[in-house]
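Heads up: the sequence shown at position 97 corresponds to 97 in this note's numbering, and the numbers run straight through without jumps.
Even for Gly, the Cβ is constructed at its ideal location relative to N, Cα and C.
It should be emphasised that the depicted structure is a prediction, and the values quoted were computed from it without experimental measurement.
For reference, the structure is listed below as structure tokens.
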Amino acid sequence: MAMQKRFPVQHRDVFPQGAFLRGEVEPVLDFQADKRPDGSRPQQRDKETGELLWQVVVLDADDMAGKKDTVVTVKIAAPVQPVPPANKTPFPWTPIEFVRLTALPYVDDNGNRPRLAWSFRADGVAAPGEAGNTGAKAPEAKAA
């Protein structure tokens with residue numbers, strides 16, 4: 001069996017102590033495309049599904065996370081801008097859980113030494129414990 005480039009991961013495996021939304025859901029700009037007449041950039045689309053790409057910045061609550069890994073950007077492929085859950089905490093960051101999270105490893109060679117890094121993508125965001133109740137697409141079963 002060959003490994004896929006991007007593979008499914010559980011939210012709790014990537015963010016064992018939780019993830020907190022920092023800021024807003026923003027469109028991912030396509031810097032490979034030509035600028036529009038007004039000088040703005042079009043929004044990037046997912047290469048597999050054609051859906052628009054959005055991104056969120058999250059804080060990883062794991063105390064064991066390295067300095068470069070405490071702030072993580074996760075892309076979300078969706079036809080419209082995802083709406084995060086309401087923040088019901090007294091803190092400025094909203095606790096969230098990702099729906100159908102996937103990971104893609106790559107080599108980050110922007111520092112003194114190359115290191116293994118991860119690119120994350122999800123189908124959506126939900127309040128912690130509610131990612132299974134979002135009505136998101138279930139993975140397709142493979143015929144035996």
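Roughly how far, in whole angstroms, is the beta-carbon of E51 from the beta-carbon of P79, given that I think they are within contact range, below 8 Å? 6 Å
Could you name the residues that DSSP lists as bridge partners for K75? Q55 and R121
At what residues does the alpha helix (DSSP H) containing R6 begin and finish? Careful: R6 lies outside any alpha helix (DSSP H) and carries neither H nor E.
Cβ neighbour criterion (16 or more within 10 Å) applied to A126: buried
Please confirm if R36 has its CB atom under 8 Å from at least one CB of chain C. Reference to chain C is not applicable here, since this structure consists of a single protein chain.
When we look at the beta-carbon of P95 and count the other beta-carbons within 10 Å, is it buried (16 or more) or exposed? buried
Opposite Q43 in the DSSP bridges: which residues? L29
Q32: buried (16+ other C-beta within 10 angstroms of its C-beta) or exposed? exposed
Beta-carbon proximity check, V25 vs K75, cutoff 8 Å: no
L101 versus R113, Q55, R22 and Q43, residue with shortest Cα-Cα distance: Q55
Among D30, R22 and K47, the one whose alpha carbon lies nearest that of G39: D30
How far does the beta strand (DSSP E) with V145 in it reach, from first residue to last? Absent from the structure is residue 145, since the part of the chain shown begins at 1 and ends at 144.
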